[in-house]
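Below: the structure, in structure tokens.
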Amino acid sequence: MKTLHIQGKTGKSTLLVGERLQKLEHYIAGRPAVIITDHHLLDLYEKDFSCYPVVTIGCGETIKTLDTVNSIYRQLVDLEADRSTVIVGIGGGIVCDITGFVASTYMRGVSFGFVASTLLAQVDASVGGKNGVNFDGFKNMVGVFSQPEFVICDMNLLHTLSKRDLLCGFAEIVKHAVIADAEMFVYLERHWPQALALDSNVIEKLVYDSVVIKAGVVNRDETEKGERRILNFGHTIGHAIEKTTGAPHGEAVSIGMVAAAAIAHRCGLLSEKDAARIKDLLTRMNLPTRLSGHREAILSAMRKDKKREGDDILFVLPEGIGKTVIRPVSLSQIGQLTDGLI
Ligand code: GLY
Numbered sequence: 007m008k009t010l011h012i013q014g015k016t017g018k019s020t021l022l023v024g025e026r027l028q029k030l031e032h033y034i035a036g037r038p039a040v041i042i043t044d045h046h047l048l049d050l051y052e053k054d055f056s057c058y059p060v061v062t063i064g065c066g067e068t069i070k071t072l073d074t075v076n077s078i079y080r081q082l083v084d085l086e087a088d089r090s091t092v093i094v095g096i097g098g099g100i101v102c103d104i105t106g107f108v109a110s111t112y113m114r115g116v117s118f119g120f121v122a123s124t125l126l127a128q129v130d131a132s133v134g135g136k137n138g139v140n141f142d143g144f145k146n147m148v149g150v151f152s153q154p155e156f157v158i159c160d161m162n163l164l165h166t167l168s169k170r171d172l173l174c175g176f177a178e179i180v181k182h183a184v185i186a187d188a189e190m191f192v193y194l195e196r197h198w199p200q201a202l203a204l205d206s207n208v209i210e211k212l213v214y215d216s217v218v219i220k221a222g223v224v225n226r227d228e229t230e231k232g233e234r235r236i237l238n239f240g241h242t243i244g245h246a247i248e249k250t251t252g253a254p255h256g257e258a259v260s261i262g263m264v265a266a267a268a269i270a271h272r273c274g275l276l277s278e279k280d281a282a283r284i285k286d287l288l289t290r291m292n293l294p295t296r297l298s299g300h301r302e303a304i305l306s307a308m309r310k311d312k313k314r315e316g317d318d319i320l321f322v323l324p325e326g327i328g329k330t331v332i333r334p335v336s337l338s339q340i341g342q343l344t345d346g347l348i
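Throughout the sequence shown, residue numbering follows my numbering, covering 7 to 348 in sequence.
This is the structure we're talking about:
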């Protein structure tokens, strides 16, 4: 097991890569605890946390709402949870986002931790302190910055994931390599088959390297005033694809990264060879790199993006593998720059 820390203004977070769900008791450390999880995880792993009261929620992005939050508050009151209670979310990104939001607001904030059960949650959703829910169709519109006290990334939990869910996590791993670590990208080019097969050394190294990158960025810019925006590589177009087509997050981000790399090449920032390496790696890993149809709807969703700044959309563009810049692209240029890409 390897340990990392985030020291944010909103709290300190200890990230435990390679720790086991069965060691949860050690991190609860004798405090009263409530577990929040989903039906799927409860079926698979209930025996590992049956000594704690459990609040169970449904699965899927549509339950990430204030209604679900209300229902959890009520159950916490019924369970007599108080300020000494630690709330632990066991699950993927949706469970982590909801748990973090509930715990940060219940009684003005109680301690919380995560056991991240999906690859996407381990390398992204559980790390960083952003916790929130969707509102009126807008993703993560209502939320807080607040660091989980601990995050357990247990590689053993990855074995029950579907291939598609695993691939979504790999898209974020590739993203981390492109934005910040050329050596990690070469490692992925050499070891992607073992990664997809969940070879324990390879997957633990990739999760750790990803968390190092994300934790480093968050430590320097917790509340996304500047550098943290590089974590949005592939997400500007990716979120629009997700919203328009309902594609899973990682698949949409994969298409978004290939499009952003092509835009970077068109802007003279990225060589044709490096743009091709990004596309080739994602293709070999069986992630989608192109979307046909929906072009107008995707462009329209980008124009409505909540991160739009006036007439510009901020794009994260690679200048090489392992290095990115943030460039404003005017709404009038978007159509031309994305021609043939989406
Ligand atoms: N909780 C996810 C993030 O902060 O990026």
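Glycine included, each C-beta is placed from N, C-alpha and C at the ideal position.
From a predicted model like this one, the values you see are computed outputs, not experimental measurements.
| request: Look up N137 in the DSSP assignment and give the residues it is bridged to. | output: DSSP, once it has assigned bridges, lists V150 as partnering N137.
| task | Using 10 angstroms around the beta-carbon of A122, count the other beta-carbons present and answer buried if the total reaches 16, otherwise exposed. | result | A residue is called buried once 16 or more other Cβ atoms fall within 10 Å of its Cβ, and A122 is buried on that count.
| Starting from S216 and walking both ways along the alpha helix (DSSP H), at which residues does that stretch end? | Here the alpha helix (DSSP H) through S216 covers S206 to R226.
| Strand pairing of Q128, partner residues [DSSP] | For Q128, which the question treats as bridged, DSSP gives no partner whatsoever.
| request: Leaving out five residues on either side along the sequence, give the residues of the same chain with a beta carbon under 7 Å from the beta carbon of I6. | output: Absent from the model: residue 6. The displayed extent of the chain is 7 to 348, so no value can be given.
| task | Could you check how far apart the C-beta atoms of V223 and L204 are, in whole angstroms? I think they sit under 8 Å. | result | In fact, because the Cβ distance is near 26 Å, the residues do not count as touching under 8 Å.
| message | Following a CB-centred definition, is D345 positioned closer than 7 Å to any heavy atom of the ligand GLY? | response | No, Cβ of D345 sits at least 7 Å from all heavy atoms of the ligand GLY.
| query | Between G135 and Q153, what straight-line distance do the alpha-carbon atoms span, to the nearest angstrom? | reply | Looking at the two C-alpha atoms, the distance is approximately 4 Å.
| said: If I follow the unbroken alpha helix (DSSP H) through I340, where does it start and stop? | reply: Residue range L337 to L343 is occupied by the alpha helix (DSSP H) that includes I340.
| Say the cut is 7 Å; is the CB of A131 nearer than that to a heavy atom of the ligand GLY? | Checking every heavy atom of the ligand GLY against the Cβ of A131, one is found closer than 7 Å.
| task | Sort A35, A246 and Y51 by Cα distance to S306 and report the nearest one. | result | For the set A35, A246 and Y51, the Cα lying nearest the Cα of S306 is the one of A246.
| task | Kindly list the residues whose CB is nearer than 6 Å to the CB of L27, restricted to its own chain and excluding five residues on each side of it in sequence; keep chain order. | result | Only D54, V121 and D160 meet the Cβ criterion.
| query | What's the C-alpha gap between S336 and Y51? | reply | Roughly 49 Å separates the two Cα atoms.
| Which listed residue (S168, A109 and S206) has its alpha carbon closest to that of N76 | The shortest Cα separation from N76 among S168, A109 and S206 belongs to A109.
| For V23 versus V213, is the C-beta spacing smaller than 8 Å? | Contact flag set, yes.
| field | Length of the line joining the Cα atoms of K329 and K29 | value | Those two C-alpha atoms are separated by around 37 Å.
| request: Taking W198 as the reference, give the member of L126, R290 and H271 with the closest Cα. | output: That would be R290, whose Cα lies nearest to the Cα of W198.
| said: Measuring only the C-alpha atoms, how far is I78 from K8? | reply: Cα-Cα distance, rounded: 32 Å.
| Start and end of the alpha helix (DSSP H) containing D44? | That residue, D44, is in no alpha helix (DSSP H); its beta strand (DSSP E) goes A39 to D44.
| If you count every other CB in all the chains shown that lies within 10 Å of the CB of G262, and 16 or more means buried, which is it? | With 16 or more Cβ atoms within 10 Å of its Cβ, G262 is classed as buried.
| message | Tell me the rounded alpha-carbon separation between D130 and D84. | response | Distance between the alpha carbons of D130 and D84: 32 Å.
| request: Go through its chain and collect everything with a Cβ distance to F321's Cβ below 8 Å, but skip five positions before and after it. | output: Closer than 8 Å at Cβ, skipping near neighbours: T242, A266, I269, I332, R333, P334 and V335.
| task | Tell me whether K136 counts as near the ligand GLY, meaning its Cβ is closer than 7 Å to at least one heavy atom of that ligand. | result | Checking the 7 Å criterion, the Cβ of K136 is within range of a heavy atom belonging to the ligand GLY.
| So V92 and G64 are in contact, right, with Cβ under 8 Å, and what is the actual spacing, rounded? | That pair is no contact at about 23 Å.
| request: Mark D142 as exposed unless 16 or more other C-beta atoms lie within 10 angstroms of its C-beta, in which case mark it buried. | output: It is exposed - the Cβ of D142 has fewer than 16 other Cβ atoms within 10 Å.
| message | Whole angstroms are fine: how far does the CA of D317 sit from the CA of L10? | response | If you take the alpha carbons of L10 and D317, they lie about 39 Å apart.
| message | Looking at R89: is its Cβ nearer than 8 Å to the Cβ of V116? | response | For R89 and V116, yes; Cβs fall inside 8 Å.
| Inter-residue spacing [alpha-carbon to alpha-carbon] between I327 and V184 | I327 and V184: Cα-Cα distance of roughly 5 Å.
| field | Candidates I41, A201, K70 and L293, of which the one nearest V259 by Cα | value | Distances from the CA of V259 to each of I41, A201, K70 and L293 were compared; the closest alpha carbon is that of L293.
| Which class does H255 belong to by DSSP, given the choice of helix, strand or coil? | Helix at H255.
| said: Can you list, in chain order, the residues of its chain with a C-beta nearer than 7 Å to that of K70? Leave out the 5 residues immediately preceding and following it. | reply: Residues I100, D103, I104, V139 and N140 of the same chain have their beta carbon placed closer than 7 Å to that of K70, with the five preceding and five following residues left out of the count.
| query | In this structure, what does DSSP give as the bridge partners for L21? | reply | Beta-bridge pairing links L21 to L10 and V157.
| said: Is the beta carbon of T68 closer than 8 Å to that of G98? | reply: With contacts defined as CB atoms closer than 8 Å, G98 and T68 fail to qualify as a contacting pair.
| CB of I319 within 8 Å of CB of T250, strictly | Going by C-beta atoms, I319 is not nearer than 8 Å to T250.
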